[in-house]
Amino acid sequence: MPNLAASALAPAPGKTLTLHFSDNALLALLLGEHDRHLVRLEQALRVRLACRGNRVAISGEPERVAAAEAALTGLYRRLERGEMVSGTAIEMAIRAADEETDPRLPLSDRPAIRTRRGVVGAQSRGQAAYMEMLAENEMVFAVGPAGTGKTYLAVAQAVAMLQSGRVDRIVLSRPAVEAGERLGFLPGDMKEKVDPYLRPLYDALNEMMPTDQVMRRLASGEIEVAPLAFMRGRTLAHCFAILDEAQNTTPMQMKMFLTRMGEGTRMVVTGDLSQIDLPAGTASGLADALATLDGVEGLAVARLERRDGMRHPLVGRIVAAYEAQGAAGRRERAKRDSDGPAK
């Protein structure tokens, strides 16, 4: 493995630490094609990295060296557990290495969900806390921006519990708010009308299980994907039930879903309160439930943030730009309101 050229962004070395990696094949995956992962870590963490054989030398200011050590060792242990290290994982490791919150949970010790398709690991401390809640609680609310793994990790936990026999089936549901009364004007039978609104749930399932197994379990009823309206009047026993996009439920719909819970059932409710598509003046069932059920024993709430994002790093920058634009618009409107009408 050739030495990396020092980045122009790296400071003059103040400390040097050498890491030894026992598996050269895993080290190659850690470095990335043409060492692109190491180059990105070097630039983002403001250190100098040089690789020779199975050793990586880290040089820089002591706190930067410690951050790079945490990122590299955490990523390597992900590979040892059978997880992949992609560009997104590198960005998450960079972000996590600089986090000062929750020091009890280093990157390398975060929980993982094991399915027969592979291992799904936490990529941030927020996701790690969420995964611990999924493992320990019968009912979990997950609130946060798009792309933070709310649904993905819930489906992973559901699949792991189904495959281990801890639940008999999975029930995935969403409100079809966008369809509203227009469902009758769409072509096809009821399944064909609502399937487009449930597609993200199918996509998550197909990432956790082979497609033929998903189809077989759907046909047998071990996995059910249905609009929220189909839950009324039922009792969900010995299953893992997920309500996705819950910000688009009304308070009555939310109460209806939560009270379907039967013996041996786990429930997860996910949503993003910044993306409510309900008609103006209609209260969100998710916001109402979080306020009403605050402090209820046996219920956990995971609050994920933009820094917990799992999507492409550019997505995070795009979301931040839109948030900044929205904040600027609100400030401008507030200023106009305070100035009063023009004379």
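With our numbering applied, the sequence shown corresponds to residues 486 to 828, in that order.
Beta carbons: idealized from backbone N, C-alpha and C, even for Gly.
At the C-beta level, R651 and C724 stay beyond 7 Å of one another.
The count of Cβ pairs closer than 8 Å, one atom from the stretch 601-621 and one from the stretch 729-743, stays below three, leaving the stretches out of contact.
Assignment of T501 by DSSP, reduced to helix, strand and coil, places it in the strand class.
For G559, DSSP records no beta bridge to any residue. Annotated three-state conformation of L778 is coil, per DSSP.
Within the stretch 687-718, the complete alpha helix (DSSP H) segments at least 4 residues long are 696-705, listed from N- to C-terminus.
Taking one beta carbon from each stretch, the stretch 550-570 and the stretch 513-532 have 3 or more pairs nearer than 8 Å; the two touch. A distance below 6 Å between beta-carbons, with the five flanking residues on each side excluded, links R792 to the following residues of its chain, in chain order: R580.
Cβ contact annotation for R717 (same chain, cutoff 8 Å, sequence separation greater than five): M741, in chain order. Around A578, the same chain offers A556, G559, L560, L592 as residues with beta carbons nearer than 7 Å, after the five sequence neighbours per side are excluded. Per DSSP, reduced to three states, the secondary structure at R788 is strand.
In the DSSP assignment, G766 falls outside any alpha helix (DSSP H), carrying neither H nor E. Under the three-state reduction of DSSP output, G634 falls in the coil class, being neither helix nor strand.
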